[in-house]
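Protein chains in written order, with our numbering: chain A, 3 to 65; chain B, 1348 to 1772.
Here's what the structure looks like:
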């Protein structure tokens, strides 16, 4: 599982961070960081939820 | 698909969401109408709200969104439903729109960039860093009333905690704070005779805007020559697409932060205090294990209060929503209290349940790009304020009926007396 983050679309709302805080973090400079771009399979449900919840469509799961 | 009817030919729904009487009534009265609409006509067309701020011949009416699922959908379809033409359902003169609504009434791509600038001040880590300050402000406010035994809760508690917190963050010195509180209140309160003291709304609102702009400009000038560690300095120094923000933009963001930062948490705190008085069993449950139970209690208080009752969007194009044909340019108004009482989502929404979990209320928004920037700040303030109140003034309770304000935007409480056994500070 690999996450793609489109920085141009991202508004740093942090909705992903509230759903999966070990994977996403809005950093000090206001930009979103992927703490874990290739999360473990056990996190798939949470990551799926975070990707679906992103209102700007800035997150995508590849494989 | 057939072309949607224009606002001119479309019949109005018989349910009343537009009269002064509807908005001057109680939340319980309004819920009767919302319940009918949720059940039978979830996306309905209504005549313009009575008594507008100014006469707008273009205003034909609005679509009312009352179901939780539909509100979330409108919030997330930000390319179909725009914010740039205004986010309150009254039409606003352009100068007020620009001066007062800041980035909340921007659309992408500009919104994305501006929002990100401000996000750094509201990250979870930054919130944890200012937690001590939030607790200190709650303590300072409770210190101020502890010896009195009876006070107006709205002006002496609920208004002050968020005022000090947002002013600390933005960088507003003490001498301007009460002026800001007073002027910001008019933005949501102009429909209310008690708030307005008989003054004409439009000129008084413009005057309030000028007062706020003057303070913003003065502080902006100071930060240019003397940078501080605050949000205003960040705005002064920020570059978007290689350009500095203009003074007018900074002032507009300043106004938004002041209005959104003071008026919302004030209402939630007041409604929360009333709810704790009205539901003693729930209060006993909470105080039996305050620290552990505060987080879920805060969520329920925010749902119960629904401090902002409506936000508006404008349709960017002809499109469909829950089976209704929406025409380009139509106003689409989301009713947050209606969504927070949707029985499809909430079991017995009419009951205050401080242990409610999950609690997917929409008081901070439906998860779209304009989702409340200050949601973590609001939660921390409410927790700090109620922890302080319930620990130090354990018998604090509301006496008599609060006076609620009349308006279509904030679920406002004008005044509410509380009584308690006086304590030494």
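Backbone N, C-alpha and C fix where the C-beta goes; we use that ideal spot for every residue, glycine too.
Asked, Found
"Helix, strand or coil at residue 1359 of chain B [DSSP, three-state]", "coil"
"Buried or exposed (CB count within 10 angstroms, at least 16 for buried), residue 1704 of chain B", "exposed"
"Buried or exposed by the 16-neighbour rule on C-beta atoms within 10 Å, applied to residue 1555 of chain B", "buried"
"Three-state class that DSSP yields for residue 1666 of chain B in the structure shown", "strand"
"Cβ of residue 1582 of chain B within 9 Å of any chain A Cβ", "no"
"Residue-chain proximity (residue 41 of chain A, chain B), Cβ-Cβ < 9 Å", "no"
"Residue from B:1713, B:1460, B:1624, B:1514 whose Cα sits closest to the Cα of residue 1481 of chain B", "B:1514"
"Boundaries (first-last residue) of the beta strand (DSSP E) holding residue 1409 of chain B", "1409 to 1412"
"Length of the line joining the Cα atoms of residue 1571 of chain B and residue 1455 of chain B", "28 Å"
"Contiguous beta strand (DSSP E) assignments of at least 3 residues, all confined to the segment 1473 to 1559 of chain B", "1497 to 1499"
"Interface partners of residue 1707 of chain B on chain A, CB under 8 Å", "Per Cβ cutoff of 8 Å: no residues; residue 1707 of chain B is ~11 Å from chain A at best."
"Span separating the alpha-carbon of residue 1416 of chain B from that of residue 1383 of chain B", "16 Å"
"Environment of residue 1348 of chain B [buried if 16+ CB atoms lie within 10 Å]", "In this prediction, residue 1348 of chain B has a pLDDT of 45, which is less than 50 and means its spatial position is unreliable; nothing more can be read from the coordinates."
"Own chain partners of residue 1438 of chain B with C-beta closer than 6 Å, once the 5 adjacent residues on each side are dropped", "1403, 1406"
"C-beta neighbour in chain A for residue 1455 of chain B, strict 9 Å", "yes"
"Residues, ordered as in the chain, of the segment 1715 to 1742 of chain B that lie near chain A by beta-carbon distance below 8 Å", "1715, 1716, 1718"
"9 Å Cβ cut-off: residues of chain A touching residue 1464 of chain B", "32"
"Same chain, Cβ closer than 7 Å to residue 1647 of chain B, five either side skipped, listed in chain order", "1699, 1700, 1701, 1703, 1706"
"Backbone secondary structure at residue 62 of chain A - three-state DSSP", "strand"
"Cutoff 9 Å: residue 49 of chain A Cβ touching any chain B Cβ", "no"
"Host alpha helix (DSSP H) of residue 1573 of chain B (start-end)", "Neither: residue 1573 of chain B is in no alpha helix (DSSP H) and is coded neither H nor E."
"Sufficient close CB pairs (3 or more, under 8 Å) joining the segment 1668 to 1688 of chain B to the segment 1637 to 1655 of chain B", "yes"
"Backbone CA spacing between residue 47 of chain A and residue 7 of chain A [nearest angstrom]", "18 Å"
"Residue-chain proximity (residue 1772 of chain B, chain A), Cβ-Cβ < 9 Å", "no"
"Residue interval of the beta strand (DSSP E) (run including residue 36 of chain A)", "34 to 36"
"Residues near residue 1491 of chain B in its chain [Cβ-Cβ closer than 7 Å; skip 5 each side]", "1503"
"Contact set for residue 1543 of chain B: own chain, Cβ-Cβ below 8 Å, skip 5 residues either direction", "1533, 1536, 1537, 1551"
"Bounding residues of the alpha helix (DSSP H) (the contiguous stretch that carries residue 1706 of chain B)", "Taken as a continuous stretch (DSSP letters only), residue 1706 of chain B belongs to no alpha helix (DSSP H), as it is neither H nor E."
"Contact test: residue 1715 of chain B Cβ vs the ligand FAD heavy atom, cutoff 8 Å", "The ligand FAD is not among the ligands present in this structure, which contains no ligands whatsoever."
"Contacting residues, own chain, Cβ-Cβ under 6 Å from residue 1338 of chain B (five flanking each side not counted)", "A query on residue 1338 of chain B cannot be resolved here, the shown segment of chain B reaching from 1348 to 1772 and no further."
"Any C-beta of chain B under 9 Å from that of residue 58 of chain A", "yes"
"Unbroken beta strand (DSSP E) run spanning residue 26 of chain A, endpoints", "26 to 28"
"Beta-carbon spacing of residue 1617 of chain B, residue 1749 of chain B below 9 Å", "yes"
"Neighbour flag for residue 44 of chain A against chain B, beta carbons, 9 Å", "no"
"Residue 1348 of chain B, DSSP secondary structure in three states", "Residue placement at residue 1348 of chain B cannot be trusted, given a pLDDT of 45 that sits under 50; the coordinates are not used to answer."
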